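Residue numbers (our numbering), protein chains in the order written: chain S, 1 to 120; chain Y, 121 to 231.
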């Protein structure tokens, strides 16, 4: 159980185009999903918190108009990188919290496999 | 959120026990300690979580002293496939939202 998938696993695009990345919780409901970005040899950096049915909360320094997040259902959140540029090339990872485990002590987040974005 | 400090890297050989220590001096009363493992180009994977004393599962053991200002992840008899980055995180129980990843420890296991 507790599987999170991401699609696509990798994408190459031209500068100026937009790219959408999907994050799905396959066997549980996730009212909250998180988006991270990881550059080579660096740690994960939280970009935003995605709440089902409401606007995402972005971390300081993350442009909300550039990284559009939609969490339309309890099992799907999408991240759209708009007008992508080479500096947006990175490894994007989502995670999800199991709605049913919210009240327990094991507040575990389940991570997706990540999406490698390369902007030419 | 409590800040964590762990070694940047560690080297080991197959079959050895590896202990990775994490410092979290400002841990709060309701914080839990969680360890994740990350392989290159993959998302982090939950390893173990604990509050105090010792927790053991099929993958690792977690030792937490009484003052809870540090914790040690113990990997018994490591293999080449345990080469990965290991992250120590401290988070509140039941309501913790944000996960703040530190630098992690790059464990390299050799023959």
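Virtual Cβ for every residue (Gly too), placed ideally from N, Cα, C.
Here the structure is a predicted model, which is why all the values come from computation and not from measurement.
Within 8 Å (strictly less), CB to CB, does residue i reach chain S?
i	result
residue 162 of chain Y	yes
residue 197 of chain Y	no
residue 224 of chain Y	yes
residue 159 of chain Y	no
residue 188 of chain Y	no
residue 183 of chain Y	no
Which residue marks the beginning of the beta strand (DSSP E) containing residue i, and which one marks its end?
i	result
residue 212 of chain Y	204–212
residue 131 of chain Y	129–133
residue 95 of chain S	90–97
residue 7 of chain S	4–7
residue 81 of chain S	76–81
Taking a contact to mean a Cβ-Cβ separation below 8 Å, would you say residue i touches residue j in this structure?
i	j	result
residue 209 of chain Y	residue 124 of chain Y	yes
residue 153 of chain Y	residue 182 of chain Y	yes
residue 117 of chain S	residue 90 of chain S	yes
residue 73 of chain S	residue 34 of chain S	no
Shorter than 8 Å from the beta carbon of residue i to some beta carbon of chain Y?
i	result
residue 116 of chain S	yes
residue 123 of chain S	Any question about residue 123 of chain S goes unanswered here, given that chain S covers just 1 to 120.
residue 29 of chain S	no
residue 90 of chain S	no
residue 93 of chain S	yes
residue 111 of chain S	yes
residue 86 of chain S	no
Who are the neighbours of residue i on chain A, taking C-beta pairs under 9 Å?
i	result
residue 218 of chain Y	This model lacks chain A altogether; the protein chains it does include are S and Y.
Just the Cα atoms here: how many angstroms apart are residue i and residue j?
i	j	result
residue 218 of chain Y	residue 46 of chain S	8 Å
residue 166 of chain Y	residue 68 of chain S	27 Å
residue 105 of chain S	residue 16 of chain S	Legend: pLDDT at residue 105 of chain S = 46, less than 50; position of this residue unreliable, value from coordinates given subsequently. Taking the straight line joining both Cα atoms gives about 44 Å.
Pull the bridge partners of residue i from the DSSP assignment, please.
i	result
residue 170 of chain Y	Y:153
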